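Just below is one structure, and these are the notes that go with it.
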Amino acid sequence: MPDTVFRDVEVAGRGGGVAVDVHVRDATVVAVGEVPHVPGAQVVEARGGALLPGLHDHHLHLLATAAGAASVDCGPRVRDREELAAALRSAPGAWVRGVNYHERSAGDLDRYALDALVPDRPVRIQHRSGALWMLNSRALALAEHVLDRSPDVERDAAGAPTGRLWRYDARLRPALPRTVSDLGPLGRTLLSYGVTGITDATPNLDTGALMLLGHEALPQKVLLLGAPDGVPVPSGLRAGPRKLHLRDHDLPGLGELTETVAASHRLGRPVAVHCVTAESLVLTVAALRAAGVLPGDRIEHAAVVLPGLAADLAQLDVAVVTQPGFVRERGDDYLRAVEPGELPYLYPYRSLIDAGVRVAPSSDAPHASPDPWRTIADADRVTSGGVVLGADEQVGRAAVLAGYLSPADHPGGPVRQVRPGSAADLCLLWTPLAQALAAAPANPVRLTMTGGRLHALGSPSEDTLD
Ligand SMILES: [Zn+2]
């Protein structure tokens with residue numbers, strides 16, 4: 010691999026407007042400043058564009074995002090049963106996989122409701138929350154052997170499964186056709202945004218899922234929150250904190266959660282606790298207090314943070330991984346459906362930072378757009394309907410970018426820098442940084458480098474730049 014010299018780049022912390030050169034050898038930045046001619050090096054004339062460390066998406070679901078491309082979108086576009094039936098029937102393939110469903114479209118779905126729409130092919134639809142799969146009778150028959158006696162399998166009064174399976178991804182997977190999902194296009198899409206690192210937040214990855222993730226050799230560095238304990242992960246992947254997905258309608262007791270956290274800590278593994286209700290966050294804070302905190306412990310979403318809890322999180326030094334994209338994509342639903350008393354505390358950002366909490370943004374793709382420049386603009390908290398949801402919680406775009414530039418193991422921690430010794434996971438923008446931030450959600454990325462290797466991304470599209 011040849012050396013690379015970026016000529017005339019803007020690098021943070023090098024004084025405004027002073028362009029420098031950056032020299033990359035193998036997978037490392039070796040010089041920043043005035044770089045003399047390097048024989049054999051490839052030279053990129055940056056003409057003042059910013060050179061940033063690659064962005065890290067702190068919470069996303071790789072396999073589900075890749076599969077999403079081959080799924081039926083059952084989101085807001087689908088307005089009633091007829092439209093849902095038409096969308097499902099038009100899907101190619103043996104199994105029909107729907108995503109992004111909310112009961113506002115066509116009511117609650119169980120096997121009978123789905124049989125009425127599509128009786129002759131197995132259908133499974135994921136609720137927008139990601140926590141619920143709804144299967145028709147054909148699909149349920151094929152999945153019969155993986156249904157357990159837990160409350161996650163909803164049953165009618167006679168004990169027959171209704172087709173509604175809660176938090177069942179890992180348990181359902183063995184019953185599904187084992188298609189090799191192609192992560193390549195997703196990897197390239199993320200490169201085009203300058204994303205060089207990903208935290209996969211899917212809980213309880215089984216061996217099959219691990220093999221799929223390992224097999225694909227994404228150009229990005231991948232940290233897994235769902236890696237099983239005591240099982241080596243495939244090369245190129247790394248086990249991160251342990252994802253704990255609490256049952257919101259059936260929360261564990263404080264003692265039980267405390268023991269779960271402590272058990273993970275004893276293995277040297279921090280926890281990443283999914284908290285989308287006020288109650289689950291209160292419970293999690295109490296459990297972390299009782300179990301003690303391990304560096305790397307984090308809260309996923311913190312969708313509702315009641316007064317006082319931000320101070321607790323700051324005191325515990327637990328990071329929050331938030332999703333500004335939800336405010337835009339789902340904000341109008343929140344305004345309709347969330348208890349008015351809770352609206353001021355939804356997906357907070359500014360108040361957490363002000364309280365001293367480390368906060369990092371993420372996409373939670375496929376549940377929101379995987380484009381970080383879209384997410385950076387979403388810090389304005391304007392819903393798709395044009396309403397500002399929680400003006401007090403707006404943060405500057407630079408603050409959101411800083412979260413994307415914080416280390417994989419330290420979300421919301423110190424921003425990674427382009428300096429001698431840093432990893433050559435970089436992205437070069439077409440413009441200086443201030444201009445790029447002002448232009449978000451336009452994608453400003455010109456080139457992305459992972460491990461010292463440059464990936465060509467093509468020229469800018471006319472409508473997003475200049
Ligand atoms: Zn998620």
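Start counting the sequence shown at 10; every next residue gets the next number (the working numbering). Note that CB positions come from ideal geometry on N, CA and C, so glycine has one too. This one's a predicted model, so the numbers in the text were calculated from it and none came from an experiment.
- With fewer than 16 other CB atoms across the displayed protein chains lying within 10 angstroms of its CB, Met10 is exposed.
- With respect to the C-alpha of His258, the residue from Ala312, Ala140 and Pro212 having the closest C-alpha is Ala140.
- If you look at Pro370, you'll find it in the beta strand (DSSP E) that goes Val368 to Pro370.
- For Leu181, the closest alpha carbon among the candidates Pro194, Gln135, Ala122 and Thr205 is that of Gln135.
- In this structure, DSSP gives Glu163 an extended state, which the three-state scheme calls strand.
- In this structure, DSSP gives Pro170 an extended state, which the three-state scheme calls strand.
- If you draw a straight line from the Cα of Ser138 to the Cα of Ser244, it is about 31 Å long.
- In the three-state scheme derived from DSSP, where H, G and I count as helix and E and B as strand, Gly107 is classed as strand.
- Rounded to whole angstroms, Gly77 and Arg455 show a C-alpha spacing of 26 Å.
- The set of residues whose C-beta lies within less than 5 Å of a heavy atom of ligand 1 reads, in chain order, Ala210 and Asp373.
- Scanning its chain for C-beta atoms nearer than 8 Å, with the 5 sequence neighbours on each side dropped, one finds around Arg164 the residues Pro170 and Thr171, in chain order.
- Per DSSP, Ala100 lies in no alpha helix (DSSP H) and is assigned neither H nor E.
- Straight-line measurement puts the Cα of Ala248 at about 24 Å from the Cα of Asp380.
- Of Val20, Pro62, Arg173 and Arg34, the smallest CA-CA separation from Gly49 is found for Arg34.
- Contact check for Val39 against Val18 fails: the beta carbons are separated by 8 Å or more.
- Residue environment for His283: buried (at least 16 other C-beta atoms within 10 angstroms of its C-beta).
- Cβ-Cβ distances below 7 Å link His254 to Arg176, Pro212 and His283 in the same chain, with the five nearest sequence neighbours on each side left out; the list follows chain order.
- Thr286 carries a coil assignment under DSSP once its states are collapsed to helix, strand and coil.
- In the three-state scheme derived from DSSP, where H, G and I count as helix and E and B as strand, Ala328 is classed as strand.
- Collapsing the DSSP output to three states places Pro381 in a helix.
- Per DSSP, the unbroken alpha helix (DSSP H) holding Asp124 starts and ends at Arg120 to Leu126.
- Distance from the Cα of Tyr358 is smallest, within the candidate group Ala115, Gly405, Ala179 and Leu149, for Gly405.
- Following the DSSP letters along the chain, one finds Ala179 in no beta strand (DSSP E) but inside the alpha helix (DSSP H) bounded by residues Asp178 to Leu181.
- The distance from the Cβ of Ala411 to that of Leu232 is about 19 Å, inconsistent with a contact at the 8 Å cut-off.
- For Asp209, the three-state secondary structure derived from DSSP is strand.
- DSSP lists no beta-bridge partner residue for Leu414.
- Closest in C-alpha terms to Pro128, from the list Pro370, Trp104, Trp142 and Arg113, comes Trp104.
- Cβ contact annotation for Ser99 (same chain, cutoff 8 Å, sequence separation greater than five): Val81, in chain order.
- For Ala319, the closest of Glu402, Arg425 and Asn109 by C-alpha to C-alpha distance is Glu402.
- Comparing alpha-carbon positions, the option among Arg106, Glu112 and Leu72 lying closest to Arg90 turns out to be Glu112.
- Per DSSP, reduced to three states, the secondary structure at Asp35 is coil, with no helix or strand assignment.
- Using a Cβ-Cβ distance cut-off of 8 Å, the region 57-75 and the region 363-377 are in contact, since at least three pairs of beta carbons, one from each stretch, lie closer than that value.
- Annotated as distal: Val270 and Ala312, with beta-carbon spacing of 8 Å or more.
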